[in-house]
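In our numbering, the protein residues as written are 11 to 279.
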């Protein structure tokens with residue numbers, strides 16, 4: 011297993027000019043989940059799409075820890091993308107928690123923060139669903155699967171939703187030894203309690219501008235979360251995209267880009 015060194019993080023750049031934005035994906039995701047959003051923001055913004063530890067092409071670790079994930083992202087940013095100064099950071103779900111911890115632990119790297127459909131509290135209601143999805147992926151016999159379509163067929167009964175299966179199958183990678191899952195399914199499954207929580211960040215407060223985006227059809231952001239959000243992030247502005255569920259940026263991409271552009275344009279970098 012790898013530790014949380016910079017070398018464990020895989021990143022992808024989109025765009026060559028403009029202000030800098032970092033995107034952090036959610037559970038089961040990868041940096042490229044934000045490709046459309048990053049492309050829509052060109053040429054005014056250039057983006058760094060990060061694969062978090064145990065996801066995508068980044069390295070696997072021996073445990074899940076939000077503080078260490080945030081520190082790993084900070085190392086990566088210091089070495090290159092944020093070497094010229096602080097950057098805007100956008101994080102969805104699990105990536106939103108990493109982004110919040112990054113801002114609290116390394117505020118000098120974060121000019122503005124966007125937290126998408128998650129709160130700095132224990133997430134309620136998702137562990138059972140995520141456990142089912144992880145178990146379903148792990149149950150696929152990849153030695154008997156030759157093509158992505160075969161895996162899709164094997165997952166139709168436990169995961170009948172086409173869009174969900176399509177999203178999950180992006181994590182299936184072909185290599186010299188056949189197909190394999192890029193995420194560390196075993197570790198993620200055993201760490202759902204940690205993933206659903208939020209770490210103790212002490213007395214830290216992030217004083218920069220924060221956009222808190224909620225999906226109107228999701229219950230991950232609730233009114234009772236607002237006091238804790240404002241305690242840690244006193245300059246928080248909350249926006250709800252009514253027609254979106256938890257996957258705000260993929261379900262309502264045009265509206266998400268509109269809201270993101272508005273926030274970035276009216277806050278200091």
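By construction, the Cβ of each residue, glycine as well, lies at the ideal position given by its N, Cα and C atoms.
- Secondary structure at residue 128: coil, using DSSP grouped into helix, strand and coil.
- Comparing alpha-carbon positions, the option among 258, 128, 159 and 201 lying closest to residue 73 turns out to be 201.
- Comparing alpha carbon positions, the residue from 218, 234, 230 and 191 closest to residue 243 is 218.
- Residues 161 and 189 of the same chain have their beta carbon placed closer than 6 Å to that of residue 155, with the five preceding and five following residues left out of the count.
- One alpha carbon belongs to residue 84, the other to residue 119, and they sit about 7 Å apart.
- If you look at residue 98, you'll find it isn't in any alpha helix (DSSP H); it sits in the beta strand (DSSP E) that goes 97 to 102.
- Under the three-state reduction of DSSP output, residue 177 falls in the helix class.
- Rounded to the nearest whole angstrom, the C-alpha separation of residue 193 and residue 64 is 5 Å.
- Residue 32 is positioned such that its CB atom lies closer than 8 Å to that of residue 58.
- Distances from the CA of residue 158 to each of 245, 229 and 184 were compared; the closest alpha carbon is that of 184.
- Residue 35 and residue 100 have their C-alpha atoms some 9 Å from each other.
- Residue 142 is classed as exposed because its beta carbon has fewer than 16 other beta carbons within 10 Å across all chains shown.
- Measuring C-alpha to C-alpha distances from residue 45 to each of 37, 56 and 38 identifies 56 as the nearest.
- Secondary structure at residue 146: helix, using DSSP grouped into helix, strand and coil.
- For residue 29, the three-state secondary structure derived from DSSP is strand.
- Boundaries of the alpha helix (DSSP H) around residue 200: 195 to 200.
- The C-alpha of residue 42 is placed about 13 Å away from the C-alpha of residue 179.
- Its chain contains 37 and 202 as the residues whose beta carbon lies nearer than 7 Å to that of residue 140, once the 5 sequence neighbours on both sides are disregarded; these appear in chain order.
- Here residue 57 is bridged, per DSSP, to 24 and 31.
- DSSP, reduced to helix, strand and coil, places residue 245 outside both helices and strands of the structure shown, so it counts as coil.
- For residue 272, the uninterrupted alpha helix (DSSP H) run begins and ends at 263 to 275, by DSSP.
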